[in-house]
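S.K.: Every position in the sequence shown, counted from 1, becomes a number in my numbering once 379 is added.
Yeah, the Cβ is synthetic: ideal placement off N, Cα and C, and Gly gets one too.
Before we start, here is the structure in question, set down as structure tokens.
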Amino acid sequence: MTSDADYMARALAVAERGRGTTSPNPIVGALIVDDEGVVVGRGAHLVAGGPHAEVLALADAGERARGATLYCTLEPCSHTGRTGPCAPKVVAAGIRRAVIAMGDPNPLVSGRGIELLRSRGVEVTVGILEVDARRQNAPFLTRIGRGRPHVTMKVALSADGKVALAGGHSTRLTGDVANRRIHRDRAEVDAIAIGSGTLLNDDPLLTARIAYRRRPFVRVIFDRRRRTPPAARVLSTLESGPVIIVTKNADASSSQEPLIALTRAGASVEAISPDGEPFEDAALRRLAQLGVSSVILEGGPTTQRAFWDRGLVDRVQMYVVPRPIGPDGLGWWATVDQVVAELEDVRRTRLGADMLIEGDVHRID
Numbered sequence: 380m381t382s383d384a385d386y387m388a389r390a391l392a393v394a395e396r397g398r399g400t401t402s403p404n405p406i407v408g409a410l411i412v413d414d415e416g417v418v419v420g421r422g423a424h425l426v427a428g429g430p431h432a433e434v435l436a437l438a439d440a441g442e443r444a445r446g447a448t449l450y451c452t453l454e455p456c457s458h459t460g461r462t463g464p465c466a467p468k469v470v471a472a473g474i475r476r477a478v479i480a481m482g483d484p485n486p487l488v489s490g491r492g493i494e495l496l497r498s499r500g501v502e503v504t505v506g507i508l509e510v511d512a513r514r515q516n517a518p519f520l521t522r523i524g525r526g527r528p529h530v531t532m533k534v535a536l537s538a539d540g541k542v543a544l545a546g547g548h549s550t551r552l553t554g555d556v557a558n559r560r561i562h563r564d565r566a567e568v569d570a571i572a573i574g575s576g577t578l579l580n581d582d583p584l585l586t587a588r589i590a591y592r593r594r595p596f597v598r599v600i601f602d603r604r605r606r607t608p609p610a611a612r613v614l615s616t617l618e619s620g621p622v623i624i625v626t627k628n629a630d631a632s633s634s635q636e637p638l639i640a641l642t643r644a645g646a647s648v649e650a651i652s653p654d655g656e657p658f659e660d661a662a663l664r665r666l667a668q669l670g671v672s673s674v675i676l677e678g679g680p681t682t683q684r685a686f687w688d689r690g691l692v693d694r695v696q697m698y699v700v701p702r703p704i705g706p707d708g709l710g711w712w713a714t715v716d717q718v719v720a721e722l723e724d725v726r727r728t729r730l731g732a733d734m735l736i737e738g739d740v741h742r743i744d
């Protein structure tokens, strides 16, 4: 007999159809299952502002939804946003039972959808595969719960723990198979971020190549000292998406010419005033206000350590290649083992000759 968990696993798989296209909304999947255990309706939220998963699944099921069970990876909404509320439509369709993976932490919903269903006679079960659902929507949950984007720290390391050749010169380490994975991940997040030191050393394009990306790609430069040159190569790729330079507000005596030049080159300059708050915290909070829910922090070591030390890293990806650079190479700020010790749900994936080691940062709260 197929269990609630089995159906919810299928709903989570359906939700993946929206991966990389729904931000700042969550990805959501829904199934309608009749009393004989037959899936009669499926739906996934595919784009922000588009139909929600429950509505699509109900439309797919039609009259077969009456007396059936809804499996949904997130609590149906009860408020009117860009689309109408879903919970009343679930009731109107005649759904007898609703199985929900997790409640929606959005203050506009936050249990109200579940309460509406129960008040209208729908039997509701909550918490089936909740851990999986929370992991699937980590960016959405981080933005709602912490007021900042979900941050993945990504690094490529040689066998002897170095990130670049001596002098910090740009060094390609990963092979073709790993590079395809890297660009696939870039295609799924809202933004990629680096520090100004990495920009000055590598002058990267910061684009999502190889993998197809439907939405504009936000590129972020953390540059509190205003060192980004207007001729940086990333500013020649504005057709791929905006480039945001996050810097600190200067005092009245400082020249504004560097920021004016960057603006003329097409950059969006965000000069923040932390007011006692660390720069890293304030910078991420500003990105969330701009609609960024997920960021890959690619470098360099100084910037990554600053965000790590502030407790602002949620996930880590370490691509370890089999060849060393040598004692004169530029080292990372930690060893692989030191970082792995701080992670949970650690996964190791062979990608050609390279090894991807990734996991979620363990948190007490």
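Assuming the contact rule is C-beta atoms closer than 8 Å, Val695 and Val740 should be a hit. Round their C-beta distance to whole Å, please.
M.R.: Contact flag correct, Cβ pair sits at about 7 Å.
S.K.: When the distance is taken between beta carbons, is Val599 closer than 8 Å to Trp711?
M.R.: No, they are not a contact pair.
S.K.: Kindly identify the DSSP beta-bridge partner or partners of Cys451.
M.R.: Ala409, Ile479.
S.K.: What does the alpha-carbon distance come out to for the pair Val399 and Arg592?
M.R.: Before going on, a small fix: residue 399 reads as Gly here, not Val. The alpha-carbon atoms of Gly399 and Arg592 are separated by roughly 8 Å.
S.K.: Please state whether the Cβ-Cβ distance between Val505 and Ile523 is less than 8 Å.
M.R.: No, the pair does not count as a contact, with Cβ atoms beyond the cut-off.
S.K.: Less than 8 Å between the beta carbons of Ser575 and Arg606, yes or no?
M.R.: Result yes, Cβ atoms of Ser575 and Arg606 sit closer than 8 Å.
S.K.: What does the Cβ neighbour count give for Met380, buried or exposed, with the cut at 16 atoms within 10 Å?
M.R.: Exposed: under 16 other Cβ atoms inside 10 Å.
S.K.: Would you verify that the beta carbon of Gly416 is, or is not, closer than 8 Å to some beta carbon of chain B?
M.R.: Considering every chain present, this structure includes no chain B. It has just one protein chain.
S.K.: If you draw a straight line from the C-alpha of Asp654 to the C-alpha of Lys627, how long is it?
M.R.: Rounded to the nearest angstrom, the two C-alpha atoms are 10 Å apart.
S.K.: In the DSSP assignment, what are the bridge partners of Leu536?
M.R.: Partner(s): Val699.
S.K.: Can you grab the Cα-Cα spacing for the pair Arg525 / Gly678, in whole Å?
M.R.: Arg525 and Gly678: Cα-Cα distance of roughly 23 Å.
S.K.: Alpha carbons only, please: which of Phe519, Ile507, Arg559 is nearest the one belonging to Val478?
M.R.: That would be Ile507, whose Cα lies nearest to the Cα of Val478.
S.K.: Closest by CA to Ala409, which one among Pro455, Arg513, Val613?
M.R.: That would be Pro455, whose Cα lies nearest to the Cα of Ala409.
S.K.: Return the CA-CA distance between Arg742 and Asp724, expressed in angstroms with no decimal places.
M.R.: Whole-angstrom Cα-Cα distance: 12 Å.
S.K.: Report the rounded CA-to-CA distance for Thr642 versus Ala590, giving the unit in angstroms.
M.R.: Approximately 29 Å between the Cα atoms of the pair.
S.K.: Evaluate Leu663 with the Cβ neighbour count: other Cβ atoms within 10 Å of its Cβ, from every protein chain shown; 16 or more gives buried, anything less gives exposed.
M.R.: Looking at its Cβ environment, which holds 16 or more other Cβ atoms inside 10 Å, Leu663 is buried.
S.K.: Would you say the beta carbon of Thr504 comes nearer than 7 Å to a heavy atom of the ligand GTP?
M.R.: Of the ligands one can find in the structure shown there are none, so the ligand GTP has no counterpart to examine.
S.K.: Look at the alpha carbon of Arg689 and the alpha carbon of Asp716, and state the distance between them as a whole number of angstroms.
M.R.: Distance between the alpha carbons of Arg689 and Asp716 is about 20 Å.
S.K.: Confirm, please, whether the CB-CB distance from Tyr450 to Val412 is below 8 Å.
M.R.: Contact flag set, yes.
S.K.: Roughly how many angstroms lie between the CA atoms of Val568 and Ala512, to the nearest whole one?
M.R.: Distance between the alpha carbons of Val568 and Ala512: 18 Å.
S.K.: Might you give, ordered along the chain, the residues of its own chain that have their beta carbon closer than 7 Å to the beta carbon of Ala390, omitting 5 neighbours on each side?
M.R.: For Ala390, where only same-chain residues beyond five positions count, the Cβ hits under 7 Å are Gly408, Ala409, Leu410, Tyr450, Cys451, Thr452.
S.K.: CA-CA distance, Asp693 and Ser498?
M.R.: Whole-angstrom Cα-Cα distance: 37 Å.
S.K.: Taking the straight line between their C-alpha atoms, what separation do you get for Leu487 and Ala732?
M.R.: Cα to Cα, Leu487 sits roughly 48 Å from Ala732.
S.K.: Restricting to Cα atoms, I'd like to know which of Glu415, Ala543, Met734 is closest to Ile704.
M.R.: Nearest of Glu415, Ala543, Met734 to Ile704, Cα basis: Ala543.
S.K.: For Gly670 and Val597, I'd like the C-alpha separation in whole angstroms.
M.R.: Computed Cα separation, rounded: 10 Å.
S.K.: Whose C-alpha, out of Gln668, Asp414, Ala432, Leu722, is nearest the C-alpha of Asp383?
M.R.: Closest by alpha carbon: Asp414.
S.K.: Check Glu502 in the structure and name its three-state DSSP category.
M.R.: Strand, per DSSP.
S.K.: What is the DSSP secondary structure of Ile507, counted as helix, strand or coil?
M.R.: DSSP places Ile507 in coil when its eight states are reduced to three.
S.K.: Report the three-state DSSP secondary structure of Ala610 (helix, strand or coil).
M.R.: Ala610 falls in the coil class under three-state DSSP.
S.K.: Indicate whether Ala436 and Gly422 have their beta-carbon atoms separated by less than 8 Å.
M.R.: Taking 8 Å as the Cβ cut-off, Ala436 and Gly422 qualify as a contacting pair.
S.K.: Val718 lies in the alpha helix (DSSP H); which residues open and close that run?
M.R.: Val718 -> alpha helix (DSSP H) spans 715–719.
S.K.: May I have the straight-line CA-CA distance separating Ala646 from Ala685, to the nearest angstrom?
M.R.: The alpha-carbon atoms of Ala646 and Ala685 are separated by roughly 24 Å.
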